[in-house]
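Data first, discussion second: the structure below is written as C-alpha cells.
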Amino acid sequence: MDLNRFEWLALRHEEAVDPERGIVDAHHHLWDWRIGTYLAPQLLEDLTGSHNVVRTVFAECMSHYDTDCAEHMKPVGETGFVAGEADSLDAAGGPTIAGIVSHADLMLGDAVEEVLAAHDAAGGGRFRGIRHATAWDASDEIHNSHCNPFEHM
C-alpha cells in the first residue's frame with residue numbers, strides 16, 4: 043500500500059472514549075513540506091472529529107523560517123506564521139492554538155533576549171516559550187534531534 047501518512051490516517055475513524063471531556067492537544071506541528079501539507083484547515087479537520095479538543099499547543103518544527111534576516115532571528119518567522127494560522131483557526135470557529143513553543147539558540151547568551159522579544163511580538167499573545175532540541179548520539183543507528191545538534195551541546 044503506497045499511502046502518505048494523511049491518507050493512512052483517514053482510513054480509520056475512532057470514536058472518543060469520553061466525548062465530553064475537554065482535551066488540550068499539547069504538541070502539534072504546522073507545515074507545508076514535500077511530505078505533505080498540514081496547516082489550519084487540516085488541523086481543524088482533525089480537531090473537530092468526535093473528541094472535544096478545546097486548545098492546542100504548537101511545537102516548533104523548523105517550518106516557515108524567515109529567510110531575509112540574521113541567522114539567529116530566522117525562527118521568528120515560524121512564530122509569526124503560526125500566529126497567522128491560529129487566527130485562521132479562530133475565524134473558522136475551531137479550537138484555539140493557545141500556545142506557541144518556538145526555537146531560539148540558547149547558546150547566544152544574553153543575545154537570546156532579542157530573539158525572545160521578537161518571538162513575543164510575532165506570536166500575537168500566544169508565544170509561551172522555546173525548545174532547543176539537543177538529543178545527540180554517536181551511533182548511526184540512533185537518529186539525532188531534528189536540528190542535528192553537535193556532540194556535548
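Per the working numbering, the sequence shown starts with residue 43, numbered consecutively.
We treat Cβ as the ideally placed atom computed from N, Cα and C, and that holds for glycine.
Query, Result
"C-beta contact flag for VAL118 and ALA68 at 8 Å", "no"
"Continuous alpha helix (DSSP H) stretch holding HIS161: start and end", "154-164"
"Beta carbon of ILE139 nearer than 8 Å to that of PHE169", "no"
"Element boundaries [alpha helix (DSSP H), containing ALA133]", "118-133"
"Alpha helix (DSSP H) segment containing ALA101, residue limits", "Counting along the chain, ALA101 falls outside any alpha helix (DSSP H), though it belongs to the beta strand (DSSP E) covering 94-101."
"Straight-line gap, GLY151 to ILE65 (C-alpha atoms, nearest Å)", "36 Å"
"Whole-angstrom distance between GLU102 and ARG173, CA atom to CA atom", "8 Å"
"The stretch 106-120 touching the stretch 80-92, judged by at least three CB pairs closer than 8 Å", "no"
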